[in-house]
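Residue numbers (this note's numbering), protein chains in the order written: chain L, 1 to 232; chain V, 233 to 464.
Every residue, glycine too, gets a C-beta built ideally from N, C-alpha and C.
One structure is given below, encoded as structure tokens.
Number of protein chains: 2
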Amino acid sequence: MTSAPKPPMRDTLVAAALQLFTEHGFEQTTVDDIVALAGVGRRSFFRYFPSKESVVFPDHEGCLREMTEFLADPEGDAADPVDRVGDAARLVLRMYTGDPEFSVRRYELTRQVPALRSHELSVVRRYERTLANYLRARFAARPDGRLRADVIAAAVVAAHNHALRTWLRSGATIDPDAEVDRALQYVTATWSDREDREPEGGDAPDDDVVVMVARRGTPMWRVVQGVQGVLE
Amino acid sequence: MTSAPKPPMRDTLVAAALQLFTEHGFEQTTVDDIVALAGVGRRSFFRYFPSKESVVFPDHEGCLREMTEFLADPEGDAADPVDRVGDAARLVLRMYTGDPEFSVRRYELTRQVPALRSHELSVVRRYERTLANYLRARFAARPDGRLRADVIAAAVVAAHNHALRTWLRSGATIDPDAEVDRALQYVTATWSDREDREPEGGDAPDDDVVVMVARRGTPMWRVVQGVQGVLE
DNA sequence: CACGGACAGGGTACTCAGTTCCTAGTCACT
DNA sequence: AGTGACTAGGAACTGAGTACCCTGTCCGTG
């Protein structure tokens, strides 16, 4: 009795909706069915969720706010911008891994229902725009800064989602952090300029020269890995 | 009388819808309003368009089919994969530039109407998945081939859309091809492995050695550009 | 010419998501 | 008790999308 004095209506609605969606399908379930099972009025459903789809993604609003606050924190201005948005993306991963059963069930559902896929796209897009806007500010002085920001934001989101889907498809059995680290490292190895903040050590002169030797035919990602390794 | 013996119903519906949407707004216009102006039955509207939103994007189905055929053409197998998907993306640009007035009007409309933005997202996603699936096949033998494919597809789409939006915001006054070339070159310079098909000349030995010299602090994209230039 | 199927278009009635407006209960603070 | 603010419920409405059926026309064949 100490843990659940009153389950809030919002959670009740989410649970009822998920149960009916998985049992009878999304299209076959009406909002009236949900509120009947939850024992609340129909009007209350739309007070908590703007649409039938949004009940499947109940915590994204909060996560988006969290990401915005994270990127607004001036403490992060010292970090490499690409690393920073990578860490911001990891906030989304934490939200998913915070409730693995729910996330896996939702993944199965979303895979089958076009309306839910479309809604999820809109949500992901807002994360991407948040990251892109942050990068645009950080790259304001660069040539092609806006283009660079948009491309990197898209790449980070794609890498994060790739890792997330891999984890979800495994039924939440593999290590999600390792998966996302690998995917994001793949992007940061290409786009990050971590050497920008390198000189803070003081003992490495600014004008060191780095030599990269590559055999003709070497894939570009190997070249990048090599240069990256030397510069670090 | 030689040019327009009968304007097909589909085009009539598109014209009527666009006119009403721009005059009174998307939400304020009902499907009944559209079919009344077009002089057809309501039932016919949904015979040609699956939803009220889709009438704003009447040619994307055809363009997606065109892109799929383009990527299925075995003639392209000799080209660099990233260049290939870049050219596929250019097909979308051509569709937009084929009717600049319509594209600019649609852009203004889509910017203001969330339902249209969401629908456009779904359309763009289908392009991205088409590109990603092509790259997955091309990268099947690579380590992290699927991750690489997803990230590159996202980057190409983001770069293309950046250039497209720049062109649309200019009111279709600037050169769209130059804009897209610049944006895509920005991505291919990083991700392409054009040196893979280099040895076909025959006079450049396979095991040439390339040396890249970079000052510490050089942005990674400069390094890539330099290596790229030498390897070509 | 008669018949019969295939097909493009139209009309009617229905379901259901989402909105608007109104009512009722319930705290909290005087 | 009174009052204001907040939360929930309910009834009625709009409009997108669907199911079903009707109509005309354009084919072929007998």
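For residue 177(V), which residues in chain L fall below 7 Å Cβ to Cβ?
The structure shown does not extend to residue 177(V), since chain V spans only 233 to 464, so no value can be given for it.
My assumption, with CB atoms under 8 Å, is that residue 250(V) sits in contact with residue 270(V). Please give the rounded CB distance.
Going by Cβ atoms, the distance from residue 250(V) to residue 270(V) rounds to 11 Å, so no, they are not a contact pair.
I'd like to check one pair, residue 163(L) with residue 179(L): are the Cβ atoms closer than 7 Å?
At a Cβ-Cβ threshold of 7 Å, residue 179(L) and residue 163(L) count as neighbours.
In this structure, how does DSSP classify residue 192(L) when only helix, strand and coil are distinguished?
Coil, per DSSP.
Could you list which residues in chain V have their beta carbon closer than 8 Å to that of residue 158(L), in chain order?
What residue 158(L) touches in chain V: 382, 383, 385, 386, 387.
C-beta neighbour in chain V for residue 90(L), strict 7 Å
Not closer than 7 Å to any Cβ of chain V, the Cβ of residue 90(L) fails to qualify, so no.
For residue 80(L), which residues from the same chain have a beta carbon less than 6 Å from its beta carbon, with the 5 sequence-adjacent residues on both sides left out?
The residues are 192, 194.
Distance check for residue 273(V) and residue 116(L), CA to CA, integer angstroms please.
Going by the C-alpha atoms only, they are around 31 Å apart.
Please report the distance separating the alpha-carbon of residue 145(L) from that of residue 136(L).
Using only the alpha carbons, I get a separation of about 6 Å.
Residue range of the alpha helix (DSSP H) that includes residue 122(L)
Run containing residue 122(L): 114-138, per the alpha helix (DSSP H) assignment.
Relative to the C-alpha of residue 58(L), which candidate in 16(L), 147(L), 113(L), 84(L) has its C-alpha closest?
The candidate whose alpha carbon is nearest that of residue 58(L) is 16(L).
When you compare only the Cα positions, how much space is there between residue 190(L) and residue 119(L)?
Cα to Cα, residue 190(L) sits roughly 31 Å from residue 119(L).
Taking just the CA atoms, how far does residue 242(V) sit from residue 280(V)?
In a straight line, the C-alpha of residue 280(V) is about 7 Å away from that of residue 242(V).
Residue 285(V), buried or exposed, once every other Cβ within 10 Å from all chains shown has been counted against 16
Around the beta carbon of residue 285(V), 16 or more other beta carbons lie within 10 angstroms, which makes this residue buried.
Please check if any C-beta of chain L sits within less than 7 Å of the C-beta of residue 416(V).
Taking Cβ atoms only, chain L never reaches closer than 7 Å to residue 416(V), which makes this a no.
Secondary structure of residue 45(L), DSSP reduced to three states:
In this structure, residue 45(L) counts as helix in the three-state DSSP scheme.
Looking at the secondary structure, which residues open and close the alpha helix (DSSP H) in which residue 388(V) lies?
Looking at the DSSP string, the run of the alpha helix (DSSP H) that includes residue 388(V) is 377-401.
So, for residue 8(L): in the same chain, excluding its five sequence neighbours on each side, which residues have a beta-carbon less than 8 Å away from its beta-carbon?
Around residue 8(L): no qualifying Cβ.
Nearest CA to the CA of residue 94(L): which residue from 131(L), 129(L), 175(L), 150(L)?
Check the Cα spacing between residue 94(L) and each of 131(L), 129(L), 175(L), 150(L): the tightest is with 175(L).
For residue 435(V), name the three-state secondary structure that DSSP assigns.
Below a pLDDT of 50, predicted positions are generally treated as unreliable, and residue 435(V), at 43, falls in that range; the measurement from the model is reported next regardless. Look at residue 435(V) here: in three-state DSSP terms it is coil, with no helix or strand label.
In chain order, what residues of the segment 278-296 of chain V put their CB closer than 8 Å to some CB of chain L?
Going along the segment 278-296 of chain V in chain order, one finds no residue with a Cβ nearer than 8 Å to chain L.
Cutting at 6 Å between CB atoms, please list the residues of its own chain near residue 329(V), excluding the five before and the five after it.
The beta carbon of residue 329(V) sits closer than 6 Å to the beta carbons of 408 from its chain, once the five residues preceding and following it are set aside; these are given in chain order.
Please report the distance separating the alpha-carbon of residue 374(V) from that of residue 287(V).
A straight-line Cα-Cα distance of about 41 Å links residue 374(V) and residue 287(V).
Quick check on the burial criterion: 16 or more other C-beta atoms within 10 angstroms. Buried or exposed for residue 73(L)?
Looking at its Cβ environment, which holds fewer than 16 other Cβ atoms inside 10 Å, residue 73(L) is exposed.
Establish whether the CB of residue 256(V) and some CB of chain L are separated by less than 7 Å.
By this cut-off, residue 256(V) is not an interface position.
With distances taken from CA atoms, which of 161(L), 140(L), 128(L) is nearest residue 152(L)?
With distances taken between Cα atoms, residue 152(L) lies closest to 128(L).
Of all the CB atoms in chain V, is at least one closer than 7 Å to the CB of residue 122(L)?
Cβ-Cβ to chain V under 7 Å: yes for residue 122(L).
Extent of the continuous alpha helix (DSSP H) to which residue 302(V) belongs
Per DSSP, residue 302(V) belongs to the alpha helix (DSSP H) from 292-304.
Buried or exposed (CB count within 10 angstroms, at least 16 for buried), residue 268(V):
When all chains shown are included, residue 268(V) counts as exposed.
Let me know the secondary structure DSSP gives residue 81(L) once reduced to three states.
In the structure shown, residue 81(L) sits in a helix (DSSP, three-state: H, G or I).
Do the CB positions of residue 252(V) and residue 265(V) come within less than 7 Å of each other?
The beta carbons of residue 252(V) and residue 265(V) sit closer together than 7 Å.
Which residue marks the beginning of the alpha helix (DSSP H) containing residue 255(V), and which one marks its end?
The continuous alpha helix (DSSP H) containing residue 255(V) extends over residues 241-256.
Would you mind stating whether residue 114(L) and residue 172(L) have Cβ atoms separated by less than 7 Å?
Taking 7 Å as the Cβ cut-off, residue 114(L) and residue 172(L) do not qualify as a contacting pair.
Taking a Cβ distance cut-off of 7 Å, strictly less, list which residues of the segment 93-122 of chain L are near chain V, in chain order.
For the segment 93-122 of chain L, which is checked against every Cβ of chain V, the residues closer than 7 Å are 118, 121, 122.
Going along chain V, which residues have a C-beta under 7 Å from residue 144(L)?
Correct list: 418.
Do residue 188(L) and residue 82(L) count as a contact pair if the criterion is CB distance below 7 Å?
Note that the C-beta distance between residue 82(L) and residue 188(L) is below 7 Å.
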